[in-house]
Amino acid sequence: GHASIKHLQELINNNQTYRETYSNADGTLKTRSDVKIYFNSVANERSDLEIGYGRKNMFGPEVGIGFTLGDYFDEPVFLIKIALGSTGLGDWWLPPSAYTDDTKL
-3 GHASIKHLQE LINNNQTYRE TYSNADGTLK TRSDVKIYFN SVANERSDLE IGYGRKNMFG
57 PEVGIGFTLG DYFDEPVFLI KIALGSTGLG DWWLPPSAYT DDTKL
């Protein structure tokens, strides 16, 4: 899932925790140079984690996860995001134990 950066800006404006976590002192959105992200759908390259990574007007759960892990660990964090379009949790991503001998993979 994704959320709009406009919504995050509203949270930043009205909540000190969001402001401290996601906003610089000058009001710009933070970029985490200690958290790198690789996303197979974005030119197959890694970069610093920034809000709007991949889609400039949206952000996904990797932002919250990355910022939280970056705050927790002293070492650099590396996130790997893999996306496969047009797949569903109920078919492509089932665990092997969900299949029987008659199930086609």
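In my numbering, the protein residues as written are -3 to 101. Glycine residues also receive a C-beta, built at the ideal position from the N, C-alpha and C atoms.
For residue i and residue j, I'd like the C-alpha separation in whole angstroms.
{"i": "I33", "j": "E58", "result": "9 Å"}
{"i": "V31", "j": "D70", "result": "11 Å"}
{"i": "K2", "j": "N53", "result": "8 Å"}
{"i": "S82", "j": "W88", "result": "10 Å"}
{"i": "I78", "j": "L85", "result": "14 Å"}
{"i": "D44", "j": "F63", "result": "11 Å"}
{"i": "G48", "j": "L90", "result": "29 Å"}
{"i": "P92", "j": "L80", "result": "18 Å"}
{"i": "L25", "j": "Y95", "result": "45 Å"}
{"i": "G23", "j": "Q5", "result": "10 Å"}
{"i": "A21", "j": "G56", "result": "23 Å"}
{"i": "Q12", "j": "Y68", "result": "19 Å"}
Residue i by DSSP, collapsed to three states: which one?
{"i": "E71", "result": "coil"}
{"i": "R28", "result": "strand"}
{"i": "R15", "result": "helix"}
{"i": "K77", "result": "strand"}
{"i": "L7", "result": "helix"}
{"i": "A(-1)", "result": "strand"}
{"i": "L65", "result": "helix"}
{"i": "S93", "result": "helix"}
So, for residue i: in the same chain, excluding its five sequence neighbours on each side, which residues have a beta-carbon less than 7 Å away from its beta-carbon?
{"i": "I8", "result": "Y14, R15, Y18 and S19"}
Suppose the cutoff is 6 Å on Cβ atoms and the five residues either side in sequence are ignored; what does the same chain contact list for residue i look like?
{"i": "V73", "result": "V31, L65 and G66"}
{"i": "L75", "result": "I33, E58 and G62"}
{"i": "E46", "result": "T27"}
Are residue i and residue j close, meaning C-beta to C-beta below 9 Å?
{"i": "R42", "j": "H(-2)", "result": "no"}
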